[in-house]
Every structure is written in structure tokens, then in C-alpha cells.
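All remarks here apply to the structure that follows.
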Amino acid sequence: MYFAALLARTEDGWEASDTELDDVETLSDLAELAREASPEDDTVLVLIEQEDAWFGVVRIDGEDDPRIYVSDAAAAARSSYGEILLTDELLGREPGDDSADLDSLDLDGTEEPDGDSDDDEEGGGAGAVPHSPVGDSEILDDLGVGEKELKALDAEDALGAIAEALGASEVLETVR
Numbered sequence: 001m002y003f004a005a006l007l008a009r010t011e012d013g014w015e016a017s018d019t020e021l022d023d024v025e026t027l028s029d030l031a032e033l034a035r036e037a038s039p040e041d042d043t044v045l046v047l048i049e050q051e052d053a054w055f056g057v058v059r060i061d062g063e064d065d066p067r068i069y070v071s072d073a074a075a076a077a078r079s080s081y082g083e084i085l086l087t088d089e090l091l092g093r094e095p096g097d098d099s100a101d102l103d104s105l106d107l108d109g110t111e112e113p114d115g116d117s118d119d120d121e122e123g124g125g126a127g128a129v130p131h132s133p134v135g136d137s138e139i140l141d142d143l144g145v146g147e148k149e150l151k152a153l154d155a156e157d158a159l160g161a162i163a164e165a166l167g168a169s170e171v172l173e174t175v176r
């Protein structure tokens with residue numbers, strides 16, 4: 001189970017809207033969806049949580065590149081929605097690393113399904129995803145949630161705590 005909402009800052013305060021991520025395949029798609037929520041190029045936050053295991057915040061300020069924070073990269077990597085946020089740049093990998101790995105594979109039809117053998121092979125290698133926060137931990141500093149507070153949030157109640165700090169808890173609850 002996941003929950004995703006857009007919080008758009010307007011001159012009247014924060015406006016929340018529930019959002020479906022089924023048609024979102026890339027970070028660019030997500031950024032475009034967020035920009036559509038704010039025709040005035042104001043700040044838009046995309047808040048995502050999955051089964052109280054991890055949460056993510058994507059911040060879009062006008063046409064600037066999205067800023068991302070994910071509370072537990074390894075948990076998010078097991079989620080199709082988390083994979084959207086976990087870009088090569090965010091994980092400190094060179095773009096295109098995956099293509100070199102694919103070229104070196106001997107694909108003869110006897111491979112195991114993705115979930116089984118890849119974990120063993122990549123467990124301690126450069127492809128491993130950390131069980132820790134990744135991204136811009138100062139993403140909400142100017143909005144009242146500092147780095148320390150953000151990192152201390154528990155995935156179970158993080159979105160509510162963030163919304164409360166922003167003064168947007170009531171509008172978030174209306175879409176929850």
C-alpha cells in the first residue's frame with residue numbers, strides 16, 4: 001500500500017491533492033505532474049510513503065531540477081514508486097552503469113528470475129543500495145523542517161509530521 005499527495009504552495013497557503021502514480025514512469029513524469037499542480041511556478045512537494053517502510057519527498061520549484069529525499073533507499077528500491085526517485089545521481093552512480101553490466105552477462109535462457117540471483121551478486125558491490133537516507137536532507141530547511149528533524153522522522157508518521165510543520169496537516173488529511 002502506498003500513499004502519494006501533492007502539496008502546492010499558493011499565496012493562500014498550501015493546497016493538497018491526492019495523486020495516482022500508476023502512469024508515472026520516470027522522475028521527469030513526476031516533476032511534470034507536480035508542475036501541473038501549480039500554474040504559478042510555486043513550490044510543489046510530492047510526498048510518498050509506502051507501507052510505513054519508507055517515505056520520500058520530491059520538491060519542485062518552478063522549472064528547477066527536482067530535489068529528492070528518500071528515508072530508506074534499500075526499502076524504496078524494492079518499490080516501483082521508489083525506483084522512480086532513486087536516480088543514478090541520487091545513489092552516487094555514474095549514469096549508464098547498468099548497460100556495462102548487461103553487456104557482460106551471458107544470457108542463454110538459464111538465468112534465474114531478477115529477484116533471486118541479483119541480490120547475491122550485488123550484495124556488497126557498487127550496485128548495492130544503502131539502508132539509509134539518500135538525497136537532499138536540507139530539502140525542507142526553508143519550510144521549517146531541518147535536516148536533523150527530517151532524518152529523525154519515522155516512516156510511519158513522517159508525512160503527517162512534515163505537513164504539520166508546514167501548517168498543511170488539515171489539507172493533507174483531506175486527501176488521505
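Numbering of the sequence shown is given in the UniProt record's numbering, commencing with residue 1 and proceeding in unit increments. Ideal Cβ positions, reconstructed from N, Cα and C, are used throughout, including at glycine.
1. From A77, P133, L45, pick the residue whose C-alpha is nearest to that of A152; which is it?
2. Please state whether the Cβ-Cβ distance between W14 and G144 is less than 8 Å.
3. Just the Cα atoms here: how many angstroms apart are V171 and A16?
4. Are there any heavy atoms of the ligand NAP lying less than 7 Å away from the beta-carbon of D157, as far as the coordinates show?
5. Can you find the residues in the same chain that come closer than 6 Å, C-beta to C-beta, to L7, ignoring five residues on each side of it along the sequence?
6. What's the gap between the Cα of I68 and the Cα of L150?
7. Please classify D72 as buried or exposed, where buried requires at least 16 other C-beta atoms within 10 Å of its C-beta.
8. Measuring CA to CA, which of S38, V57, E94 is closest to residue 177?
9. From this set, L140, K148, E147, which residue's C-alpha is nearest A163's C-alpha?
10. Could you give the first and the last residue of the continuous alpha helix (DSSP H) run that contains T174?
11. With a floor of 3 residues, list each beta strand (DSSP E) that falls wholly inside the region 32-92, ordered by position along the chain.
12. For R9, which residues in the same chain have their Cβ closer than 6 Å to its Cβ, ignoring the five residues on either side in sequence?
13. Counting C-beta neighbours from all protein chains within 10 Å, is the total for E111 16 or more, i.e. buried, or is it exposed?
14. In the DSSP output, which residue or residues are listed as bridge partners for S17?
15. Would you report the Cα separation of I60 and D88, rounded to the nearest angstrom?
16. Run through DSSP, which three-state label would G135 get?
17. Kindly indicate which three-state DSSP category G160 falls into: helix, strand or coil?
18. Do D52 and A155 have their CB atoms nearer than 8 Å?
Walking through what the data contain:
1. Answer by Cα proximity: P133.
2. Not a contact, by the Cβ cut-off of 8 Å.
3. Here the alpha carbon of V171 sits roughly 6 Å from the alpha carbon of A16.
4. The ligand NAP is absent from the structure shown, which contains no ligands of any kind.
5. By the criterion of a C-beta distance shorter than 6 Å, L7 is surrounded in its chain by W14, A16, L45, A168, once the five residues flanking it on both sides are discounted.
6. Cα-Cα distance, rounded: 12 Å.
7. Per the 10 Å Cβ criterion, buried.
8. This structure does not reach residue 177, given that the chain is present from 1 up to 176, and the question cannot be answered.
9. Of L140, K148, E147, the smallest CA-CA separation from A163 is found for L140.
10. Counted as a single uninterrupted DSSP element, the alpha helix (DSSP H) harbouring T174 occupies residues 169-175.
11. Listed in chain order, they are 43-50, 54-61, 67-70.
12. Within the same chain, D42, T43 come within 6 Å of R9 by CB-CB distance, once the 5 residues on both sides are set aside.
13. Only weak support is given to the placement of E111: the predicted model assigns it a pLDDT of 49, under 50, and the value that follows is read from those uncertain coordinates. Residue environment analysis places E111 among the exposed positions, since fewer than 16 neighbouring C-beta atoms fall within 10 angstroms of its C-beta.
14. As DSSP reads the structure, S17 sits in a beta bridge with L6.
15. Looking at the backbone, the Cα of I60 and that of D88 are separated by about 19 Å.
16. Collapsing the DSSP output to three states places G135 in a strand.
17. Here G160 sits in helix by DSSP.
18. Going by C-beta atoms, D52 is nearer than 8 Å to A155.
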